[in-house]
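Before any comments, here is the structure.
2 protein chains.
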Amino acid sequence: MTKRKAPDIVVGRLPLYLRMLNQLVAEGRSTTNSQELGDRLGISAAQIRKDLSYFGGFGKYGAGYDVMYLRDQLRRILHLEQTWPVVLVGAGDLGHALANYRGFTTSGFDIAAIFDNDATKVGATIGQHEVQDVARLEKVIQEQDVKIAILAVPAHAAQTVADRLVAAGVRGILCYAPVILKVPPEVKVQYIDPVARLQHMAYYVGNGGDAA
Amino acid sequence: MTKRKAPDIVVGRLPLYLRMLNQLVAEGRSTTNSQELGDRLGISAAQIRKDLSYFGGFGKYGAGYDVMYLRDQLRRILHLEQTWPVVLVGAGDLGHALANYRGFTTSGFDIAAIFDNDATKVGATIGQHEVQDVARLEKVIQEQDVKIAILAVPAHAAQTVADRLVAAGVRGILCYAPVILKVPPEVKVQYIDPVARLQHMAYYVGNGGDAA
DNA sequence: ACGTGTGAATTAGTTCACAGCT
DNA sequence: AGCTGTGAACTAATTCACACGT
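Chains as they are written, first to last, in this note's numbering: chain F, 124 to 335; chain E, 124 to 335.
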C-alpha cells in the first residue's frame, strides 16, 4: 500500500516507467532492473527505486523486477485497470488529430464524445464519432459519468468551457489552450503548450551553449 | 546581464510570463507587478521576482514593472527577437494540426518546411506548404540554417529522424513521439506526451482526493 | 553475489522577510 | 509609501551508500 503521499513529480514519472515496461513486454523480456530502466529512460537507477518505494516494494531482492508484474502494479496505481471515458471539446484541426490518435485507446482512455459550438462542424464525423453540439456537454458527461476531459478550444473559450466541465463533474482536464484555468482544488489540470516548449528551447539554442 | 546560470526550471517559466505580458499589452495595461502576475499565473509573487532576478532587474522600485519593457526583455532573453525557422517532420493528422496552427507565427517561430516519407503525402499542400520528401531534410535544414525541429512521426521512426536532424545541425527538437530520444548534450529535447499527462491525471481522479 | 529498498547526505528549488531604491 | 531585488531560511527532490533479503 501507499506509505507516504507520493510527490506529484513522482506520480508524473510513473507513466514513463509504464511505457518502458510495455515496451519491454513487447520485446519479450520477462525481467529488468532499475539500472536498465534508468538507462533507457535517462533517469538514475536510484530515482526509479525511490519513486517505486512510495508505492511499495515491487522487486525481488537481488533479481530486479518482473516486467509484467511491475507493469500491472503501475497500471493499478495509476488507476488504468479501468478504461476512462474522455470527452473532447473542440473539433478543429487539433481536435481532429486527437480524435484520430490511436494511442489513447491502448493506454486506458476512450473518447466518449466530441463537442464543438460551431454549427458547421456539428454533425460531422471524426473517426468513430459524430461531433455533437456543445449544448449537450453536461448531459453526456453525466450520463456516461465522465471524469476526464480534453480541452482543444481557442484560448478565449477555454475558461468558460472549463467551468462547465467542472460543474458537470469532470475532475481532470488536459488543456491545450494557452491559458491558466481557474478550477477548484479537487480538479487536476495538465497543460500542453508547444509554443512555450519551443520558446524554452529557443533560450538554449540561441545561447549556443549546452542544453541544460 | 545574466548573473548566475539560470536553472532550467526557471527558463521554463519565462514563456508563461511572456504570455501573460502579451495578454496585459492586449488589455491595454501599461504597468503591472509581481503580485498581479503571480495571481494570474498561479505562482507566488516572490518566485516571479526571484526568477526575473536571474536575468537582471527589470522593475521600478516601488512601482512594479513596465509591461512592454518587461515583455521586450523576456523576448530578448528567450532569443525571440528573431523568427526561428522550424522544420516539421511528419504530415499525419498531428502534422496537419501543427502546420495549420497560427500560434507559432505570432510567438517567434515559422514553419519553413514540412516533410514526410510517405509518397502518397509528398506533394500535398498543408497550409502554406507543400509536403516534401524526407530525403530533402538535410538539404533544407542546411540551406535555411534551421536549428529547431518538430518531430511528429510514429515512435518507431523518431530516433532515426532525430539522428538525421542532429547530424544536419538541429539543436532543439520538440518531440511528440512517445520515446526518449538519445541526442548529444548540446541538443535540447522537449517532449509532448498527452497520454502520459492523462495517466498522470488518472492517478488523482482515481484516488478521488485532492489534485496535488 | 546481487540488486532492491531506504535512511542519510546532498543538492535544488521555493518562500520568507527586509534592506534598498524611487 | 510601496514594490523590487535578494540573502537567508526553509522545503522539496535527488543521489548516495549500504543493510537487507533471496
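Note that the Cβ used here is the ideal one computed from N, Cα and C, for glycine as well.
These numbers were taken from a predicted model, which means no experiment stands behind them.
| query | result |
| --- | --- |
| Opposite valine 254 (chain E) in the DSSP bridges: which residues? | E:Ile237 |
| May I have the straight-line CA-CA distance separating threonine 125 (chain E) from serine 176 (chain E), to the nearest angstrom? | For threonine 125 (chain E), the predicted model reports a pLDDT of 46, less than 50, meaning its position is unreliable and no value from the coordinates is stated. |
| Hey, methionine 324 (chain F) and lysine 311 (chain E): beta-carbon distance below 9 Å or not? | yes |
| List, from N- to C-terminal side, the beta strand (DSSP E) runs of 3 residues or more that fit wholly inside the stretch 165 to 221 of chain E. | 207 to 212 |
| Could you check whether the Cβ of arginine 142 (chain E) sits closer than 9 Å to any Cβ belonging to chain F? | yes |
| Could you check which residue in F:Asp216, F:Gly185 and F:Phe238 has the C-alpha nearest to that of valine 209 (chain F)? | F:Phe238 |
| Under 9 Å, CB to CB, which of the residues in the stretch 222 to 237 of chain E have a partner in chain F? | Ala222, Asn223, Tyr224, Gly226, Phe227, Thr229, Ser230, Gly231 and Phe232 |
| Grab the span of the alpha helix (DSSP H) containing leucine 144 (chain E) for me, first residue to last. | 131 to 149 |
| Are there 16 or more other CB atoms within 10 angstroms of the CB of glycine 329 (chain E), so buried, or fewer, so exposed? | buried |
| Shorter than 9 Å from the beta carbon of valine 318 (chain E) to some beta carbon of chain F? | yes |
| Starting from the Cα of arginine 320 (chain E), find the closest Cα among F:Ala129, F:Lys128, F:Lys262 and F:Val134 and give me that residue. | F:Val134 |
| Strictly below 8 Å CB to CB, what residues from chain F border isoleucine 315 (chain E)? | Ile315, Pro317 and Arg320 |
| If you reduce the DSSP assignment to three classes, tell me which class tyrosine 69 (chain E) lands in. | Because chain E in this structure spans residues 124 to 335, residue 69 (chain E) falls outside the shown range and cannot be described. |
| Measure the beta-carbon distance from leucine 304 (chain F) to alanine 281 (chain F) and round it to whole angstroms, keeping in mind my assumption that it falls under 8 Å. | 6 Å |
| Helix, strand or coil for isoleucine 315 (chain F), going by three-state DSSP, please let me know. | coil |
| Taking Cβ-Cβ distances shorter than 8 Å, what residues in chain F pair up with proline 301 (chain E)? | Arg142 and Gly226 |
| Report the option in F:Ala169, F:Pro130 and F:Tyr299 whose CA atom is closest to the CA atom of leucine 221 (chain E). | F:Tyr299 |
| Please classify glutamine 322 (chain E): is it buried, with 16 or more other beta-carbons within 10 angstroms of its beta-carbon, or exposed? | buried |
| Interface residues of chain F around glycine 295 (chain E) at Cβ under 8 Å? | Leu321, Met324, Ala325, Tyr327, Val328 and Ala334 |
| Please report whether the beta-carbon of alanine 247 (chain F) lies at a distance below 9 Å from any beta-carbon of chain E. | no |
| Out of F:Tyr327, F:Gln313 and F:Gly180, state which residue places its alpha-carbon closest to the alpha-carbon of isoleucine 132 (chain F). | F:Gln313 |
| Skipping 5 residues on each side, what residues in its chain have a beta carbon closer than 6 Å to that of glycine 213 (chain F)? | Ala275 and Val276 |
| So what's leucine 274 (chain F) in DSSP terms, helix, strand or just coil? | strand |
| Nearest CA to the CA of histidine 202 (chain F): which residue from F:Val302, F:Lys270, F:Thr283 and F:Gly292? | F:Lys270 |
| So for threonine 155 (chain F), helix, strand or coil by DSSP? | strand |
| Name the chain F residues whose beta carbon is nearer than 9 Å to that of aspartate 216 (chain E)? | Asp216, His219, Ala220, Leu221, Ala222, Asn223 and Tyr224 |
| DSSP beta-bridge partners for phenylalanine 232 (chain E)? | E:Trp207 |
| Where does threonine 336 (chain E) sit, in a helix, a strand or coil, going by DSSP? | No statement about residue 336 (chain E) is possible, as the shown extent of chain E runs from 124 to 335 and does not include it. |
| Among E:Arg259, E:Tyr327, E:Ala129 and E:Gly331, which has the Cα closest to the Cα of leucine 288 (chain E)? | E:Arg259 |
| Which term fits glycine 231 (chain E), buried or exposed, when burial requires 16 or more other beta carbons within 10 angstroms of its beta carbon? | buried |
| Does arginine 163 (chain F) have its Cβ less than 9 Å from a Cβ in chain E? | yes |
| Please list, in chain order, the chain E residues whose beta carbon lies closer than 7 Å to that of glycine 135 (chain F). | His323 |
| What do you reckon, are the CB atoms on proline 301 (chain E) and aspartate 316 (chain E) nearer than 9 Å? | yes |
| Counting along the chain, where does the alpha helix (DSSP H) carrying valine 263 (chain E) start and finish? | 260 to 266 |
| Would DSSP call alanine 325 (chain F) helix, strand or coil? | helix |
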